[in-house]
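A.B. asks: Numbering (my numbering), first residue to last: 8 to 263. First the structure, then my questions, so here it is.
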């Protein structure tokens, strides 16, 4: 794609802005800010990746992955207002997911240990972990607010904290994993995923593109499960004391 063709893609942004103004949706400012930020961020990342690909040093690869995890954690943490100390728990869950998933890919020699493969695939794994973390926290907040009295009844009847919260955690983990699983069921039928489409547009053999997309989808399933289950284990201590007493959290974000 040449520079002129790239500039012409701004037509789509202009169309979205005009629709927002016409229907009085009020998103034109956000659309313009998002457009500028996306362009700046992607161009900057492009130059950084080009340098890392040329250097081929694991120090720079690790630094890039660390930045990805940090940004993903900060973004997912916004969904965890009211949960004290949720930041490091998200970081731990996403980091563990990246280490386990990428470690398996490299140890089984499924991908080459080069930045050209490690960084893009790590970015997708971390990004999926970020989305799962956000879904987990949103659902956990909803479940606690809805089942607060039910949890207290379980505790009053002699249940341990794990027994009292088990149904909540099961529903939360399931809800945070469902989008990934549903995506696997419809991939290729409803949409052609980004990685596969990008490879085909770049001239890669469609079958080879499909193989890499299957790799990504399967790793997404694993990363979603690891992230959700780890968060489920780590957030337990935010909800109960060591003596199994339920902690009243202000999850609305409003001062009481």
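C-beta: ideal position from N, C-alpha, C; glycine also.
What's the gap between the Cα of residue 139 and the Cα of residue 97?
C.D. replies: Cα to Cα, the separation comes out at about 10 Å.
A.B. asks: Three-state secondary structure (DSSP) at residue 194?
C.D. replies: In this structure, residue 194 counts as strand in the three-state DSSP scheme.
A.B. asks: Identify every residue that forms a DSSP beta bridge with residue 14.
C.D. replies: Residue 14 pairs with nothing; no bridge assigned.
A.B. asks: Can you say whether residue 9 is buried or exposed, counting buried as having 16 or more other CB atoms within 10 angstroms of its CB?
C.D. replies: By the 10 Å Cβ count, residue 9 comes out exposed.
A.B. asks: Could you check the C-alpha separation between residue 45 and residue 180 for me, to the nearest Å?
C.D. replies: The alpha-carbon atoms of residue 45 and residue 180 are separated by roughly 31 Å.
A.B. asks: As a quick exercise: from 83, 89, 117 and 90, pick the residue whose alpha carbon is nearest that of residue 220.
C.D. replies: The residue with the shortest Cα to Cα distance from residue 220 is 117.
A.B. asks: Taking its Cβ as the centre, do 16 or more other Cβ atoms sit within 10 Å of residue 148, making it buried, or is it exposed?
C.D. replies: With 16 or more other Cβ atoms within 10 Å, it is buried.
A.B. asks: Rounding to the nearest angstrom, what Cα-Cα distance links residue 123 and residue 89 in this structure?
C.D. replies: Computed Cα separation, rounded: 39 Å.
A.B. asks: Assuming residue 79 and residue 238 are in contact, meaning their beta carbons sit under 8 Å apart, how far apart are those beta carbons, in whole angstroms?
C.D. replies: Not really, about 13 Å apart at Cβ, beyond 8 Å.
A.B. asks: Is residue 183 near residue 235, with beta carbons less than 8 Å apart?
C.D. replies: Contact flag set, yes.
A.B. asks: Would you mind reading off the limits of the alpha helix (DSSP H) that contains residue 213?
C.D. replies: Looking at the DSSP string, the run of the alpha helix (DSSP H) that includes residue 213 is 213 to 241.
A.B. asks: Quick check on residue 253: does DSSP put it in helix, strand or coil?
C.D. replies: Strand, per DSSP.
A.B. asks: Could you give the DSSP three-state label for residue 90: helix, strand or coil?
C.D. replies: Residue state, collapsed to three classes: coil.
A.B. asks: What is the rounded straight-line gap between the Cα of residue 156 and the Cα of residue 186?
C.D. replies: Those two C-alpha atoms are separated by around 29 Å.
A.B. asks: Do you know offhand how far residue 42's Cα is from residue 240's?
C.D. replies: Taking the straight line from one Cα to the other gives about 38 Å.
A.B. asks: Residue 233 to residue 103, Cα distance in whole Å?
C.D. replies: Roughly 8 Å separates the two Cα atoms.
A.B. asks: Find the nearest neighbour of residue 93 within the set 18, 144 and 17, judged by alpha-carbon distance.
C.D. replies: For the residues 18, 144 and 17, the minimum Cα distance to residue 93 belongs to 144.
A.B. asks: Going straight from the alpha carbon of residue 152 to that of residue 166, what length do you get?
C.D. replies: Those two C-alpha atoms are separated by around 19 Å.
A.B. asks: Following the continuous alpha helix (DSSP H) through residue 140, name the residue where it begins and the one where it ends.
C.D. replies: Looking at the DSSP string, the run of the alpha helix (DSSP H) that includes residue 140 is 122 to 163.
A.B. asks: Who pairs with residue 247 in a beta bridge, going by DSSP?
C.D. replies: Beta-bridge pairing links residue 247 to 253.
A.B. asks: Work out the CA separation of residue 18 and residue 26 for me, nearest whole Å.
C.D. replies: Approximately 12 Å between the Cα atoms of the pair.
A.B. asks: For the alpha helix (DSSP H) containing residue 204, name the first residue and the last one.
C.D. replies: From DSSP, the alpha helix (DSSP H) with residue 204 extends over 201 to 208.
A.B. asks: Residue 81 to residue 168, Cα distance in whole Å?
C.D. replies: Rounded to the nearest angstrom, the two C-alpha atoms are 29 Å apart.
A.B. asks: Just the Cα atoms here: how many angstroms apart are residue 279 and residue 37?
C.D. replies: Given that the chain is displayed from residue 8 to residue 263, the structure contains no residue 279 and the question cannot be resolved.
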